[in-house]
Amino acid sequence: MRDVVFFLHRVYPEGGRDDISLKNFVRALKMIKTRFKVVPLHALFEEKDTVPRAAITFDDGYADNFVYAYPVLKELGIPAHIFITSRRILESGRRKNLLDYREGKAAFNELFRPKSMFDAHVEFIRKGKSEEFLSWEELDSMRDVFTFGAHGKFHFSHPVSSEVVDFYDGSNFHWSMLLYEAEPFVGLPLFKTRSSLSGRGFIPNPELIAFCRDFPKEGNWKEKLLSELKNFDSPGRFESEEEAKERIGRELQESKEEIESRLGVKVDTFAWPFGHYSEFSKSIASGLFQFIFTIKKGLVSEESDRKELPRVSIGKDIFTVLGRLITFSTDIGFSLYKRFKGDKVL
Numbered sequence: 104m105r106d107v108v109f110f111l112h113r114v115y116p117e118g119g120r121d122d123i124s125l126k127n128f129v130r131a132l133k134m135i136k137t138r139f140k141v142v143p144l145h146a147l148f149e150e151k152d153t154v155p156r157a158a159i160t161f162d163d164g165y166a167d168n169f170v171y172a173y174p175v176l177k178e179l180g181i182p183a184h185i186f187i188t189s190r191r192i193l194e195s196g197r198r199k200n201l202l203d204y205r206e207g208k209a210a211f212n213e214l215f216r217p218k219s220m221f222d223a224h225v226e227f228i229r230k231g232k233s234e235e236f237l238s239w240e241e242l243d244s245m246r247d248v249f250t251f252g253a254h255g256k257f258h259f260s261h262p263v264s265s266e267v268v269d270f271y272d273g274s275n276f277h278w279s280m281l282l283y284e285a286e287p288f289v290g291l292p293l294f295k296t297r298s299s300l301s302g303r304g305f306i307p308n309p310e311l312i313a314f315c316r317d318f319p320k321e322g323n324w325k326e327k328l329l330s331e332l333k334n335f336d337s338p339g340r341f342e343s344e345e346e347a348k349e350r351i352g353r354e355l356q357e358s359k360e361e362i363e364s365r366l367g368v369k370v371d372t373f374a375w376p377f378g379h380y381s382e383f384s385k386s387i388a389s390g391l392f393q394f395i396f397t398i399k400k401g402l403v404s405e406e407s408d409r410k411e412l413p414r415v416s417i418g419k420d421i422f423t424v425l426g427r428l429i430t431f432s433t434d435i436g437f438s439l440y441k442r443f444k445g446d447k448v449l
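Using this note's numbering, read the sequence shown as starting at 104 and increasing by one per residue.
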């Protein structure tokens, strides 16, 4: 059995963004159809077949999934699956999409124009919502093509180490700063971060944050400030395992229940935000979902761990798409991939 689960996030009307363009999306789907039988995600586990199969999945729930991806998938007769970040979904609203454009109900340049994923994260964190994401109404209207799974409630990341790796200097902004400091200031300590669903988080000491805020920013101030922080008895604290287990379990449960309630479906699939997880978080998610997906590249087989399933990014450009298809649709391609990359990436 040679089954592959492909994933992507966004379909942009033009190229140059952080995911695939509309033109390349259409070309990629047509190429996939020449190599695989494209089936609904659950069919990989519920039905047996002798031909190579593929499933298409989207992460997060961006508005362009409805505006650009949905009409193309519908036209080509290709099913797909969205892993929904439930709290990011808008309460209501239905935008014009490619179907409206083709029926003369909207000009192409009137259709939704996506921002970057980075900008979408920033907008959601600052405002509590973002037009970059789908509405429940749009999701409901796509059920003739899409099935639905969970991707958590928030798609946040948090510090996971007490080590300060850098300081904000006005030019190295990242949206994750906003999760522990509403308005980043020059001197804000930066820590290594991972998905907030991956395990225990580190909570910086407010006194350390205040000290960094007040520290003079003169000369080689980063080096001096880092040296001064060594004098802190406690830079912060880590969540206990019990705290983390309760927090992660609550978010996963609530996201699952919200999607089921809003769309009237059973949710038994989940994909890790950013692809980050641990044995600790895997054990929590395993009690709630039947099929759990990663971003580790590989094939899905009868022997695959249903709680740690591989997926393959489609890629942004058509050459990457072609390379992925050759790699995962042929024995020689996959053998060469394993030899070059090593089993650790599978």
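Backbone N, C-alpha and C fix where the C-beta goes; we use that ideal spot for every residue, glycine too.
Boundaries of the beta strand (DSSP E) harbouring GLY339: 339-341, taken from the DSSP string.
Residue nearest to THR153 within the set HIS254, ASP106, ASP420 is ASP106 (criterion: CA-CA distance). Distance between ASP167 and PHE305, taken at the CA atoms: about 34 angstroms. Under DSSP, SER124 takes part in a beta bridge, and its partners are TYR115.
Between the segment 340-358 and the segment 255-266, the count of C-beta pairs closer than 8 angstroms reaches three or more; the two stretches touch. According to the DSSP secondary-structure assignment, HIS261 is paired through a beta bridge with ARG297. For PHE186, the enclosing beta strand (DSSP E) has its first and last residue at 183-187. Restricting attention to beta strand (DSSP E) runs no shorter than 3 residues, the segment 165-231 encloses them at 183-187, ordered along the chain. GLY252 is bridged by DSSP to PHE186.
Sequence-distant Cβ neighbours of TRP278 in its own chain, meaning closer than 8 angstroms and more than five residues away, are PHE221, HIS224, VAL225, ILE228. With fewer than 16 other beta carbons inside 10 angstroms of its own, LYS133 counts as exposed. Counting only the Cα atoms, GLU213 lies some 34 angstroms from GLY426. When secondary structure is reduced to three states using DSSP, VAL107 falls in the strand class. With a 10 Å radius around the Cβ and a threshold of 16 neighbouring Cβ atoms, THR160 comes out buried.
In the three-state reduction of the DSSP assignment, THR372 falls in the strand class, which pools E and B.
Rounded to whole angstroms, the gap between the alpha carbons of GLU194 and VAL248 is 21 angstroms. VAL268 sits exposed, since fewer than 16 C-beta atoms from the chains shown fall within 10 Å of its C-beta.
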